[in-house]
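Asker: Chains as they are written, first to last, in the numbering used here: chain A, 2 to 257; chain B, 2 to 257.
Note that CB positions come from ideal geometry on N, CA and C, so glycine has one too.
What follows is a single structure, and I will ask about it in a moment.
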DNA sequence: TTACATTGTGTCACCATAACGCAATGAATA
DNA sequence: TATTCATTGCGTTATGGTGACACAATGTAA
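Shown next, in the form of structure tokens:
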């Protein structure tokens, strides 16, 4: 009940803390077991899964609010974040779902700022899957990873927001290095390739991929090879941060 | 005085009409006399030039509000518009300038929604220069074109917004056809080339440009040649709208 | 010891691009 | 009327990136 009061306060007085009409939604990508995954929240009251989202504090930088939201859901700091699109359809947050939601938590719809229209800023994030501790927020019953190829039913236009995010990530992949945010410190070439294939949703030629990646100069080969694998052991690589950052700014060439 | 009352109402009661905290700013590009130009407004009260901007009506699609703003400043309908970035720094609209402004029109700063923080959505537009009738709004003394290479002093972070818009336009130029929105119905190859050179800010090889443009398939050569020119008369071209739109979706290759 | 899936490196044909050549055009000039 | 000449239209060549594929090296499993 203490919890419900806090929630009720949030929904009836949140407009005193946050900018009205503006929300931030995050598409958080992680890579695990050769699969690209997205972090979603199971809403308690509305039903369906939702992108981690939140609002902008009255004196907070918009980017900082996205960072804050991600920190709360993943436990991670200084996440790679990119604003990719704003969703401004007046009907995007249908009144229906909010009404049901507010009724469930005992707030009269017409006195809540949540009942008003929201324009939402879409961010996508790339995180190291192994370092994330998913934690649901107040209004969520669960916080879980989903394969981007097996997404559950999602609320509002969140599936559409996800689609746009993925499309933007794929574009980004053509011009900027991406792996650093999604992989651990060291990795093999086949692992890196799998990441690219998963994001792009298509297979790439092993040999051409290696040649192109090495040509970018953002990789450093370690003397170490992967142990305990059947067949020939691949080398480990790490990113050359200097060149990696240069490539982030200046851009690269595309992949097949 | 009638005018001042209207303005005062807008600044003291506008929040009843518009979404709070959100504005829309447009970078309107036009091409004239081999020069890329931007449409700016001279503010009456604040001093300095500003991007045409406005707010989102409570039940209006965000894109529609940008279209409305452009219609008011240029007289044009169905303008090519692209949302390119959101500017969310809490300090971007400094209180200083708004305070001075509101004082000048006789509105107490602390009662106006305009005094609050704004997150602004940046759009850029491509228009046919010859069809535009620049018209200033209430709070502006003038509405004029400026060469992107000779911009005047601009208010707030509007110069920064312009810079981002130009950078995005240049990116866009690499993958999507652009001329249709900036040129008239028919044009010569050198004219089209000048447009590209002006946007990119560098010279291109005349012969390679022609070959590449024709290879895209978005152009149709007319039987007509330009009259009254010294030396060899160039052919006129028009866009093949079918292929043009296809290229808009699927993308193209880049220019040098 | 052998089999075999996987890795590292190399080759080749193809295509887009950048750089440049040259003849055709047609108004301006002599 | 003949000539000049900047500009246009079309073509050629060298280069480098890309996709498709070959082959030897590796190292565990049979």
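Return the residue from the list 202/B, 235/B, 207/B, 185/B that minimises the CA-CA distance to residue 194/B.
Answerer: Selected option, being the one with the closest Cα: 207/B.
Asker: Output needed for residue 160/B: all residues of its chain with C-beta closer than 8 angstroms, excluding positions within five of it in sequence on either side, in chain order.
Answerer: Cβ within range, chain order: 152.
Asker: Between which two residues does the alpha helix (DSSP H) carrying residue 176/A extend?
Answerer: Its alpha helix (DSSP H) spans residues 159 to 176.
Asker: Taking 6 angstroms as the limit between beta carbons, can you name the residues of its chain near residue 121/B, skipping five residues before and five after?
Answerer: Only 24, 26, 88 meet the Cβ criterion.
Asker: At 7 angstroms on the CB atoms, spell out the chain A contacts of residue 64/B, in chain order.
Answerer: Those are 89, listed as they occur along chain A.
Asker: So residue 212/A is in the alpha helix (DSSP H); what residue range does that whole segment cover?
Answerer: From DSSP, the alpha helix (DSSP H) with residue 212/A extends over 207 to 217.
Asker: Between the region 163 to 182 of chain A and the region 79 to 88 of chain A, do three or more beta carbon pairs fall short of 8 angstroms?
Answerer: Yes: at least three Cβ pairs fall under 8 angstroms.
Asker: Output needed in chain order: residues of the region 140 to 165 of chain A with a Cβ under 8 angstroms from some Cβ in chain B.
Answerer: Answer in chain order: no residues at all.
Asker: Would you verify that the beta carbon of residue 244/A is, or is not, closer than 8 angstroms to some beta carbon of chain B?
Answerer: Closer than 8 angstroms: no.
Asker: In three-state DSSP terms, what is residue 41/A?
Answerer: In this structure, residue 41/A counts as strand in the three-state DSSP scheme.
Asker: Classify residue 129/A: buried if its beta carbon has 16 or more other beta carbons within 10 angstroms, exposed otherwise.
Answerer: Looking at its Cβ environment, which holds 16 or more other Cβ atoms inside 10 Å, residue 129/A is buried.
Asker: Residue 32/B: buried (16+ other C-beta within 10 angstroms of its C-beta) or exposed?
Answerer: So residue 32/B counts as buried.
Asker: Taking the C-alpha atoms as reference points, what is the distance between residue 53/B and residue 28/B?
Answerer: The alpha-carbon atoms of residue 53/B and residue 28/B are separated by roughly 7 angstroms.
Asker: Please classify residue 226/B as buried or exposed, where buried requires at least 16 neighbouring CB atoms within 10 angstroms.
Answerer: Exposed.
Asker: Are there three or more Cβ pairs, one per stretch, closer than 8 angstroms when the region 207 to 224 of chain B is compared with the region 136 to 143 of chain B?
Answerer: Contact fails: fewer than three Cβ-Cβ distances are below 8 angstroms.
Asker: Which chain A residues are close to residue 20/B, counting only those with a beta carbon under 8 angstroms from its beta carbon?
Answerer: By Cβ distance, chain A contributes 21, 22, 118, 120.
Asker: Out of 246/A, 142/A, 185/A, 115/A, state which residue places its alpha-carbon closest to the alpha-carbon of residue 176/A.
Answerer: Nearest option by C-alpha distance: 246/A.
Asker: Using a Cβ-Cβ cut-off of 7 angstroms (strictly less than) and excluding sequence neighbours within five positions of residue 162/B, which residues of its own chain qualify?
Answerer: 26, 28, 52, 88, 123.
Asker: So what does DSSP say about residue 82/B, is it helix, strand or coil?
Answerer: Residue 82/B falls in the strand class under three-state DSSP.
Asker: When you compare the CB positions of residue 223/A and residue 239/A, do they come within less than 8 angstroms of one another, or not?
Answerer: In contact: residue 223/A and residue 239/A (Cβ atoms closer than 8 angstroms).
Asker: Using a C-beta cutoff of 8 angstroms, does residue 17/A count as contacting chain B?
Answerer: Chain B contact via Cβ: absent.
Asker: Once you ignore the five residues that flank residue 191/A on each side, which residues in its own chain have a CB closer than 8 angstroms to its CB?
Answerer: The answer, listed in chain order, is 207, 235.
Asker: Return the bridge partner residues of residue 237/B from the DSSP annotation.
Answerer: DSSP lists 189/B as partners of residue 237/B.
Asker: Give the range of the beta strand (DSSP E) segment to which residue 34/A is assigned.
Answerer: From DSSP, residue 34/A is part of no beta strand (DSSP E); its letter is neither H nor E.
Asker: Under 8 angstroms between beta-carbons, which chain B residues line up against residue 169/A? List them in chain order, please.
Answerer: Chain B residues near residue 169/A: none, gap ~13 angstroms exceeds 8 angstroms.
Asker: Quick check: the Cα distance between residue 184/B and residue 254/B, rounded to an integer number of angstroms?
Answerer: Going by the C-alpha atoms only, they are around 21 angstroms apart.
Asker: Looking at residue 77/A and residue 132/A, is the spacing between their C-beta atoms short of 8 angstroms?
Answerer: Yes, they are a contact pair.
Asker: What residues from chain B crowd round residue 61/A, counting only those whose CB sits closer than 7 angstroms?
Answerer: What residue 61/A touches in chain B: 91.
Asker: Can you pull the chain B neighbours of residue 84/A, defined as C-beta to C-beta under 9 angstroms?
Answerer: Within chain B, the residues near residue 84/A are 86, 87, 89.
Asker: So the alpha helix (DSSP H) residue 184/A belongs to, where does it begin and stop?
Answerer: That residue, residue 184/A, is in no alpha helix (DSSP H); it is neither H nor E in DSSP.
Asker: What are the start and end residues of the alpha helix (DSSP H) that includes residue 18/A?
Answerer: Where residue 18/A is concerned, there is no enclosing alpha helix (DSSP H), given that its DSSP letter is neither H nor E.
Asker: Using the Cβ count rule (16 or more neighbours within 10 Å means buried), how would you classify residue 92/B?
Answerer: Burial call: exposed.
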